[in-house]
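J.: The listed protein sequences derive, respectively, from chains A and B.
Numbered by my numbering, the letters in the first sequence go through residues 45 to 341 in order.
Numbered by my numbering, the letters in the second sequence go through residues 69 to 403 in order.
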Amino acid sequence: MSTAPATTAPAADGAPRAAARTRQRWTSTRTYINAGIIVLWCLVPFYWMVLTAFRDVGYTFDQSFWPTHVTLDNFVTAFSTDLGNHFGRSLFNSFFIGICTTAIGLLFGVFAAYALARLNFRFKFIVLGFILGASMFPGVAIVTPLFQLFTNIGWMGTYQALIIPDISFVLPLTVYTLTAFFREMPWELEEAARIDGCTQGQAFRKVIMPLAAPAVFTTAILAFISAWNEFLIASQLSSDATAPVTVAIASFAGAQPHQEPYTAVMAAGTIVTVPLVIMVLIFQRKIVAGLTAGGVK
Amino acid sequence: MSPRTQAPPTSSPREVRTAAPEEADTPGPASGSGTAWRGPRRRRVGLPLLLVLPTIAVLVGALGYPVAWQVATSFQEFGLKQQFGLPPEFVGLANYTAIFTDPTLWTILGRSLLFCLVCAFATVLIGGLLALLMKRVGTVVRLVLQVSMLLAWAMPLVAAMTVWVWLVDWRRGALNWLLTRVGVDASGHNWLAEPATFFAIAAIIVVWMSVPFVALSLYAGLTQIPEEVLEAAAMDDAAGIQRVRLIILPLVAPVLSIVLLLQIIWDLRVFTQIKLLQDAGGVANETHLLGTYIYQLGVGSGDFGAASAVSIVMLLITVAVSWYYVRSLMKEEAA
């Protein structure tokens with residue numbers, strides 16, 4: 045695949061081609077070695093987490109890089125309501141918060157990005173600056189005032205108290221990535237569709253959206269992951285009933301008292317990562333499909 | 069979830085809004101053809117603002133009060149007493165003079181900026197190389213790369229930090245164990261105790277967490293480059309680096325600059341990673357960055373006035389740092 049441009053190029057004379065081919069072979073070997081190193085770097089912490097999740101508590105600090113003392117007890121501990129780990133409920137909370145945040149953030153983000161990338165209007169710069177500015181305020185500085193505000197209006201521990209700040213964190217990101225994509229779109233197609241009798245909305249929906257699908261799906265994943273992983277706000281503003289998994293993991297209790305429940309935390313971490321992996325694999329196919337659709341242009 | 073089901077609301081409110089004046093403006097036979105090709109200029113007054121309105125509303129709703137509160141509090145004496153109901157006292161610029169005359173702030177400021185720039189540029193560099201790599205390998209390898217990056221990124225922060233802290237732990241960490249096996253005597257060395265190695269480890273973790281986003285965004289940007297351009301460049305036998313610098317870089321510049329900007333903003337306000345590393349054995353006073361400093365001032369020692377002042381300073385720095393990008397973005401817009 046890496047040599048695709050050369051193989052599709054029209055055949056040239058023999059000798060330089062052979063030299064080029066060996067050079068290319070070496071380049072592609074090097075490429076794969078680099079790929080391997082990066083995969084390793086990305087995966088070591090993940091691998092370590094899964095490894096420990098299946099390891100017996102008694103052997104928590106076993107340094108072996110291979111599975112030893114394999115057990116499922118840690119997963120039982122993670123879900124054990126007797127120990128006060130309401131992990132099932134917090135999984136639901138995380139899903140609920142993540143899906144609401146992603147859906148609303150993406151919906152609003154697509155609107156705003158379309159306006160910013162495609163339309164000219166007077167307050168555009170102010171809007172751009174405002175959205176960017178919104179992503180600049182440090183999260184630590186938001187927690188205390190939000191805590192007071194939500195206490196005053198009786199929102200403490202409710203879902204909206206977690207979802208609204210999450211959307212505000214996700215929105216600048218979605219607007220900016222989508223704006224960047226929309227700007228690169230072949231808008232002549234939209235014009236063409238309009239000449240063919242589509243309204244602007246139809247042209248956007250039927251012509252531009254399919255082309256923008258990979259960008260939208262990528263952005264959806266970004267938004268969901270960032271909501272799924274949010275910790276700071278949730279740790280201060282959620283109650284036991286609405287706590288997402290990040291908070292639940294941080295306050296985990298292990299099977300043995302007076303011992304950091306490392307293995308249970310790792311088991312919980314593994315469970316938390318699994319939905320994302322599944323989602324990524326599903327979206328992956330859509331992204332690839334979207335990419336090939338975009339290639340037709 | 070699907071964008072297609074989200075799209076209808078875009079059209080319907082606008083249809084309602086614009087149809088009325090359109091009909092009023094051009095009565096008679098013209099209105100039929102007007103539906104197919106309605107003057108784009110006329111409708112651009114209300115529609116764009118209508119489209120950005122939800123975003124603005126959410127941002128104002130969620131951030132308006134906190135920002136206003138921080139600005140107000142930064143001019144007030146606001147300690148633990150005020151948290152329990154005593155009305156705060158207006159003290160003018162006292163909080164600002166207090167923090168600016170304290171050398172601690174300047175040290176932390178310099179440290180934060182350095183850390184942020186190193187992390188942001190390292191992230192974008194590695195992410196960019198990765199994106200190029202993904203463009204060159206086959207579908208299967210690319211999938212493996214993408215999935216492993218997404219795994220690194222999807223790992224919940226708390227779990228990821230637990231693993232990292234554990235990997236570098238001085239008694240039972242895999243890092244020291246490996247180094248000892250390779251022949252470097254590192255057993256019992258606490259990497260988190262020294263500020264220099266503390267920040268090196270923090271940087272590795274922060275970069276590890278943010279590379280996937282950058283790499284995937286840039287890769288998506290690369291896929292927007294027409295294949296013919298790359299093929300032409302390859303046929304002209306442009307060397308790899310030249311090809312990147314002269315052809316690819318200008319084409320992905322919009323995505324690249326946004327990604328770098330977001331990275332700088334995020335790395336400047338990094339909090340959780342530093343906090344958890346400090347808890348795991350760092351010397352807090354020597355390893356504060358702006359985020360943890362604000363936390364320590366406010367939640368830690370109850371001086372919310374000073375904490376707010378530092379927050380405002382931090383906001384202004386972020387605005388200053390990103391000013392150049394905002395300017396260039398706007399110029400691009402104007403062009």
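Using N, Cα and C, we set each Cβ at its ideal position, and we do this for glycine too.
1) What residues in its chain sit with their C-beta under 7 Å from that of residue 386/B, if we drop five residues either side in the sequence?
2) What span of residues does the alpha helix (DSSP H) with residue 346/B cover, start to end?
3) Within the same chain, show all residues whose beta-carbon is closer than 8 Å to that of residue 294/A, passing over the 5 residues directly before and after it, in chain order.
4) Would you mind sorting residue 77/A into buried or exposed? The rule is 16 or more other CB atoms within 10 Å of its CB.
5) Just how far apart, CA to CA, sit residue 219/A and residue 209/A?
6) Could you check the C-alpha separation between residue 251/A and residue 367/B for me, to the nearest Å?
7) Check the Cβ of residue 232/A against every Cβ in chain B and list those closer than 9 Å, keeping chain order.
8) From the DSSP secondary-structure annotation, give me the bridge partner or partners of residue 133/A.
9) Can you find the residues in the same chain that come closer than 7 Å, C-beta to C-beta, to residue 393/B, ignoring five residues on each side of it along the sequence?
10) If you check the beta carbons only, do residue 211/A and residue 377/B fall under 8 Å apart?
11) Since residue 227/A meets chain B, which of its residues come closer than 8 Å, beta carbon to beta carbon?
12) Could you please give me the residues that DSSP links to residue 114/A through a beta bridge?
13) In chain order, what residues of the same chain lie with their CB nearer than 8 Å to the CB of residue 283/B, ignoring the 5 residues before and after it?
14) So, under 8 Å CB-CB, residue 404/B and residue 270/B are touching, yes? Tell me the CB distance rounded to an integer number of Å.
15) With distances taken between CB atoms, is the gap from residue 83/A to residue 224/B smaller than 8 Å?
16) Using a C-beta to C-beta distance shorter than 8 Å, which residues of chain A count as neighbours of residue 340/B?
17) For residue 65/A, count neighbouring C-beta atoms within 10 Å of its own C-beta (all shown protein chains included) and say buried if the count is 16 or more, exposed if not.
18) Cβ of residue 372/B less than 8 Å from any chain A Cβ?
19) Nearest chain A C-beta to residue 313/B closer than 8 Å, yes or no?
20) Determine the closest residue to residue 133/B out of 114/A, 169/A, 197/A, 151/A, with distance taken between C-alpha atoms.
21) Please list the terminal residues of the continuous alpha helix (DSSP H) segment that includes residue 258/A.
22) Which residue marks the beginning of the alpha helix (DSSP H) containing residue 332/B, and which one marks its end?
23) What's the gap between the Cα of residue 56/A and the Cα of residue 228/A?
24) Are the segment 110 to 126 of chain A and the segment 240 to 250 of chain B touching by the rule of at least three beta carbon pairs closer than 8 Å?
25) Applying the criterion that 16 or more other CB atoms from any shown protein chain within 10 Å of the CB defines a buried residue, is residue 353/B buried or exposed?
26) For residue 343/B, does the count of other Cβ atoms within 10 angstroms reach 16, so buried, or fall short, so exposed?
27) With distances taken from CA atoms, which of 312/B, 230/B, 391/B, 116/B is nearest residue 204/B?
28) To the nearest angstrom, report how far apart residue 340/A and residue 279/B are at their CA atoms.
29) So residue 267/A packs on residue 115/A, CB below 8 Å; how close in whole Å?
30) Leaving aside the five residues before and after residue 205/A along the sequence, list all residues of the same chain whose C-beta is less than 7 Å from its C-beta, in chain order.
31) Is residue 323/B closer than 8 Å to residue 224/A when the C-beta atoms are compared?
32) Taking C-beta to C-beta, are residue 202/A and residue 286/A nearer than 8 Å?
33) Helix, strand or coil: which one does DSSP assign to residue 295/B?
34) With DSSP collapsed to three states, give me the class of residue 181/A.
35) How should residue 383/B be labelled, buried or exposed, when 16 other C-beta atoms within 10 angstroms of its C-beta is the threshold for buried?
T.: Taking the definition as stated:
1) 333, 336
2) 340 to 347
3) 275, 279
4) exposed
5) 16 Å
6) 51 Å
7) Result: empty, since nearest Cβ-Cβ is about 14 Å, beyond 9 Å.
8) Paired residues: none, contrary to the question.
9) 325, 329
10) no
11) 322
12) 99/A
13) 194, 195, 196, 198, 199, 202, 217
14) Any question about residue 404/B goes unanswered here, given that chain B covers just 69 to 403.
15) no
16) 275, 276
17) exposed
18) yes
19) no
20) 197/A
21) 253 to 272
22) 317 to 336
23) Bear in mind that a pLDDT of 47 at residue 56/A, under 50, signals an unreliable position, so the number given afterwards is only what the model happens to contain. Cα to Cα, residue 56/A sits roughly 35 Å from residue 228/A.
24) no
25) exposed
26) buried
27) 312/B
28) Residue confidence for residue 340/A is low, a pLDDT of 31 falling below 50, so the modelled location carries little weight; the figure read from the coordinates is stated next. Whole-angstrom Cα-Cα distance: 30 Å.
29) Not really, about 36 Å apart at Cβ, beyond 8 Å.
30) 194, 199, 281
31) yes
32) yes
33) helix
34) coil
35) buried
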